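S.K.: Quick one: the structure is below, and I'll ask about it shortly.
There are 2 protein chains.
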Amino acid sequence: MLQSQELTDRIVARFDEMSPQLQKAARYILENGQEVALVSMRELARNARVQPATMTRLAQFLGLGGYEDIRAQYSQALRLQADGFAARAQAREADAPSGSGLAYGMLQMLSSQIARLQAPESLARLERVADRLAGAGRVYVLGLRSCHSVAWHFHYVMTLLGEKTVHLDGPAGTGVDGMRRAGPQDVMLVISVNPYARQTLELVGLAQDKGVGIVALTDSEVSPLARVAEEVVICATESETFFHTLTPALAVSEVLCGLLADRDRDRALRALQEADRHLQGLDTYASDIPTRRG
Amino acid sequence: MLQSQELTDRIVARFDEMSPQLQKAARYILENGQEVALVSMRELARNARVQPATMTRLAQFLGLGGYEDIRAQYSQALRLQADGFAARAQAREADAPSGSGLAYGMLQMLSSQIARLQAPESLARLERVADRLAGAGRVYVLGLRSCHSVAWHFHYVMTLLGEKTVHLDGPAGTGVDGMRRAGPQDVMLVISVNPYARQTLELVGLAQDKGVGIVALTDSEVSPLARVAEEVVICATESETFFHTLTPALAVSEVLCGLLADRDRDRALRALQEADRHLQGLDTYASDIPTRRG
DNA sequence: CTGACTTTGCAACATGTGTTTCAAATTCTT
DNA sequence: AAGAATTTGAAACACATGTTGCAAAGTCAG
């Protein structure tokens, strides 16, 4: 499969060999690449003042099957460009095996989804969420079912940073007990994506009743959480396999931790060093498989 | 003529008034704006799993003449976005404040780290790990401390897919009990990065003694796990803040789930449908904050 | 000037498009 | 539980699509 730049190069290289009508069509394509992706070939032909058949002949002259191949490459180029992810220069190799093709596609999509979080609006939201969490008395962290990992990880890192977060989770249904002392000076960070766990929504309702601020990581502007949260970060969940992805949400969670740590770097560093000493003292880490005796 | 942001705002504003199918179409358009410009409405409807008529109804519901009006606006937005791409990228890098700069840098690095997993060698390893796991009697999943999220999520998704994984985790130190019946036909998937938890390494040693196969997600070719595992996938952990990132490892975990599901798509689909019915039957999900009585 | 070859316009073709209409299915109200 | 209203799926419709094939037009060599 060709890149649109590669196709562009090929058009330029063979321009002299083309008949006048082919040259007319080729020039129009070179000068209006995004229109190739956005309008039909017949409309493009009209705009270029050539016959539709000329476009098909041009594609075949260039060694392609038909005009659809031209459009597909310009469409893909526009997708990559619109995503704003400069590092993804290489398109997928033709005929990759099914398994690797799936893995490749999943990774490409994940990378793109995380890159999209770099948009100015998204960055501004991340800042506002971090501000809100930094100013809270206590931060309650809630993520159920598939979102558990994101909530747990946020809480884990924040405890290493010496922050007072409360993870609303626990065995034998005790997780919600953590909300007992919550009040208006506190904030709940809730992570939930479609399909939304009823218990998550119920706990958010409870938090609202107690005057707790809500900030949310969710999948859409039309999520029920988006309606009640003061601040929302939208995390893509679309996936090329059967279930939604939580990788962008984890990325966002880690970025929030980073922003919070950044607000008091000295304190965060001290807390990490203390945690490190504590864990070293407990012999928590090792750098090799222990040799077993007996 | 509306801007696509204005149309987006209108969709969000009126979302609650929409029927379930209109909401499904609306959500898909919000999440896939550039596809609106790049593919036909019938193809978009197929991807969104709605009837073509639904797309037309949505447009009319929004006060537009027909779907073409939706497409025209998203096309125009894409034209504007593509035109300004290079200039906006440069402005962002020059002007971003410290906080957003940190967030931007973290996201850029994460996106790049995941993109690097698309290398052929990495894809080949993913295939081999998936093969090994697919052929196992039982899969034991181990990830402690910061790696807990990745292990838990893998286990969670695999249970949805109907697979027999055992998560070596549990309260009151009981997690290791799951290893009691492990044997040579089983495989352990271990996730650990520097600093490596001693208990992780001890359990890996125990698994080796029992003849259990080991596959590892870890951070380096020189990780202690890399020395003892049959297959290794290297996940970057480098971060622009104080602590290592687990986002690439979660991405890898999800890709492995996808590859395993791909090996028996029909079975995976049936398992997910059964899980869905089961959870629906338990009233696990909701689409709005419940109204509290009293 | 003529014949051969190439280029080009145009129409037919099979298929896809967005919209409309109708009836079945679902939901809501009484 | 029944009737009304709304939602939805599916098919038909008119039109647009990209491609193919044929013949007219144009160009070039002898």
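Residue numbers (my numbering), protein chains in the order written: chain A, 1 to 294; chain B, 295 to 588.
Cβ atoms here follow ideal geometry from the backbone N, Cα and C, with glycine treated the same way.
In this text the structure is predicted, and so the values were computed from the model without any measurement.
If the cut is a Cβ gap below 9 Å, which residues of chain B does T241/A touch?
M.R.: What you label residue 241/A is simply residue 241 of the first sequence in a count that begins at 1. Neighbours of T241/A on chain B, chain order: E548, V549, C551, G552, L553, A555, D556 and A562.
S.K.: Taking only beta-carbon positions, decide if R304/B is within less than 8 Å of chain A.
M.R.: Numbered from its first residue, the second sequence carries residue 304/B at position 10. False, the Cβ-Cβ gap to chain A never drops below 8 Å.
S.K.: Can you tell which of L462/B, N341/B and S486/B has the C-alpha that lies nearest to the C-alpha of T531/B?
M.R.: The sequence position of residue 531/B within the second sequence is 237, counting from 1. The option with the nearest alpha carbon to T531/B is S486/B.
S.K.: Have a look at the DSSP bridge pairing and note the partners of V141/A.
M.R.: Against the first sequence, residue 141/A aligns to sequence position 141. Bridge partners of V141/A: H167/A and L189/A.
S.K.: In the structure shown, what three-state DSSP assignment does T174/A receive?
M.R.: Along the first sequence, one-based indexing puts residue 174/A at 174. Residue state, collapsed to three classes: coil.
S.K.: Does DSSP put L519/B in a helix, a strand or coil?
M.R.: Position 225 of the second sequence, counted from the first residue, corresponds to residue 519/B. In the structure shown, L519/B sits in a helix (DSSP, three-state: H, G or I).
S.K.: What distance in whole Å lies between the Cβ atoms of M400/B and V255/A, which are believed to be in contact at a cut-off of 8 Å?
M.R.: Numbered from its first residue, the first sequence carries residue 255/A at position 255. Numbered from its first residue, the second sequence carries residue 400/B at position 106. V255/A to M400/B, Cβ: 5 Å. Contact.
S.K.: Is the CB of I70/A under 8 Å away from at least one CB in chain B?
M.R.: The count along the first sequence starts at 1 and reaches residue 70/A at position 70. It does not: the Cβ of I70/A has no partner Cβ on chain B nearer than 8 Å.
S.K.: Quick check on this structure: which residue in I305/B, R373/B, R439/B and V433/B has the alpha carbon closest to the alpha carbon of L279/A?
M.R.: Translated into positions along the first sequence, residue 279/A becomes position 279. Measuring from the Cα of L279/A, the nearest candidate turns out to be R439/B.
S.K.: So is G456/B in contact with chain A if we call contact Cβ pairs under 8 Å?
M.R.: Your numbering for residue 456/B matches position 162 in the second sequence. With 8 Å as the cut-off, G456/B does not count as an interface residue toward chain A.
S.K.: Taking Cβ positions, are H447/B and L246/A nearer each other than 8 Å?
M.R.: Along the second sequence, read from residue 1 onward, the residue named residue 447/B stands at position 153. Along the first sequence, read from residue 1 onward, the residue named residue 246/A stands at position 246. Against a cut-off of 8 Å, the Cβ pair of L246/A and H447/B comes out as a contact.
S.K.: Select from A331/B, Q345/B and A397/B the residue whose C-alpha is nearest the C-alpha of C257/A.
M.R.: Counted from its first residue, the first sequence places residue 257/A at position 257. Minimum Cα distance to C257/A is reached at A397/B.
S.K.: Can you tell me whether DSSP reads E524/B as helix, strand or coil?
M.R.: Taking the second sequence and counting its residues from 1, the one referred to as residue 524/B is at position 230. E524/B: coil per DSSP, three-state reduction.
S.K.: Given this structure, state the Cα-to-Cα distance separating L250/A from T468/B, to the nearest angstrom.
M.R.: As a position in the first sequence, residue 250/A is number 250, starting the count at 1. As a position in the second sequence, residue 468/B is number 174, starting the count at 1. When rounded, the distance between both Cα atoms is 27 Å.
S.K.: Flag this pair as yes or no: are the beta carbons of L203/A and A216/A separated by less than 8 Å?
M.R.: Looking up residue 203/A in the first sequence gives position 203. Looking up residue 216/A in the first sequence gives position 216. In this structure, A216/A does not lie closer than 8 Å to L203/A by Cβ.
S.K.: Is T8/A helix, strand or coil when you go by DSSP?
M.R.: Taking the first residue of the first sequence as 1, we reach residue 8/A at position 8. Residue state, collapsed to three classes: helix.
S.K.: Using 8 Å as the limit for Cβ to Cβ distance, is A353/B near chain A?
M.R.: Along the second sequence, one-based indexing puts residue 353/B at 59. Output row for A353/B: interface = no.
S.K.: Under DSSP, the alpha helix (DSSP H) around G327/B begins and ends at which residues?
M.R.: As a working note, residue 327/B is residue 33 in the second sequence. Where G327/B is concerned, the enclosing alpha helix (DSSP H) stretches over G327 to L332.
S.K.: Below 7 Å CB to CB, which residues in the same chain sit around Q295/A once its five sequence neighbours on both sides are set aside?
M.R.: The structure shown has nothing for residue 295/A, since chain A only spans 1 to 294.
S.K.: Is any beta-carbon of chain B found at less than 8 Å from that of R198/A?
M.R.: Taking the first residue of the first sequence as position 1, residue 198/A is located at position 198. Chain B, which has a Cβ nearer than 8 Å to the Cβ of R198/A, makes this yes.
S.K.: Using CA coordinates, which residue listed in N32/A, L201/A and L189/A is at the minimum distance from V150/A?
M.R.: Here residue 150/A is taken as the residue at index 150 of the first sequence, counted from 1. For V150/A, the nearest C-alpha among the options comes from L189/A.
S.K.: Taking only runs of the beta strand (DSSP E) that begin and end inside the region 231-259 of chain A, which ones reach a length of at least 3 residues, in chain order?
M.R.: Within the region 231-259 of chain A, the complete beta strand (DSSP E) runs of at least 3 residues are 231-234.
S.K.: Assuming R492/B and A286/A are in contact, meaning their beta carbons sit under 8 Å apart, how far apart are those beta carbons, in whole angstroms?
M.R.: Working through the second sequence from its first residue, we reach residue 492/B at position 198. Working through the first sequence from its first residue, we reach residue 286/A at position 286. Indeed they touch by this definition, with Cβ atoms about 4 Å apart.
S.K.: Give the range of the alpha helix (DSSP H) segment to which T348/B is assigned.
M.R.: Looking up residue 348/B in the second sequence gives position 54. Run containing T348/B: P346 to F355, per the alpha helix (DSSP H) assignment.
S.K.: Please tell me whether S514/B has its Cβ less than 8 Å away from any Cβ of chain A.
M.R.: Locating residue 514/B in the second sequence gives position 220, counting from the first residue. Judged by the 8 Å Cβ criterion, S514/B is not in contact with chain A.
S.K.: Closest to V344/B by C-alpha separation, out of F355/B, D363/B, R521/B and A320/B, would be which residue?
M.R.: For this step, residue 344/B is matched to residue 50 along the second sequence. Considering only alpha carbons, the answer is A320/B.
S.K.: Apart from the five residues on each side of it in sequence, which residues of its chain come closer than 7 Å, Cβ to Cβ, to D582/B?
M.R.: Your numbering for residue 582/B matches position 288 in the second sequence. There are no such residues.
S.K.: Check whether the Cβ atoms of M179/A and L201/A sit closer than 8 Å, and answer yes or no.
M.R.: Within the first sequence, the letter at position 179 stands for residue 179/A. Within the first sequence, the letter at position 201 stands for residue 201/A. Going by C-beta atoms, M179/A is not nearer than 8 Å to L201/A.
S.K.: Is T284/A helix, strand or coil by DSSP?
M.R.: Your numbering for residue 284/A matches position 284 in the first sequence. Reduced to three states, the DSSP call for T284/A is coil.
S.K.: Measuring only between beta-carbons, confirm whether L123/A sits less than 8 Å from chain B.
M.R.: Position 123 of the first sequence, counted from the start, is the residue given in the question as residue 123/A. Yes - at least one Cβ of chain B is within 8 Å of the one on L123/A.
S.K.: Mind listing which residues of the region 165-192 of chain A have their C-beta closer than 8 Å to chain B's C-betas, in chain order?
M.R.: Against chain B - using a Cβ distance shorter than 8 Å - the residues of the region 165-192 of chain A are P171.
S.K.: Looking only at C-alpha atoms, which of G357/B, P314/B, D310/B and L301/B sits nearest to V330/B?
M.R.: The residue you call residue 330/B lines up with position 36 of the second sequence. If we check each option's Cα against that of V330/B, L301/B comes out closest.
S.K.: Give the DSSP bridge partners of A197/A, in chain order.
M.R.: In the first sequence, residue 197/A corresponds to position 197, counting from 1. According to DSSP, which records beta bridges pairwise, A197/A is partnered with Y579/B.
S.K.: I'd like the span of the alpha helix (DSSP H) that includes L420/B, first residue to last.
M.R.: Counted from its first residue, the second sequence places residue 420/B at position 126. Run containing L420/B: P414 to A428, per the alpha helix (DSSP H) assignment.
S.K.: Are the C-beta of P314/B and some C-beta of chain A separated by less than 8 Å?
M.R.: Residue numbering aside, residue 314/B sits at position 20 when the second sequence is read from its first letter. With 8 Å as the cut-off, P314/B does not count as an interface residue toward chain A.
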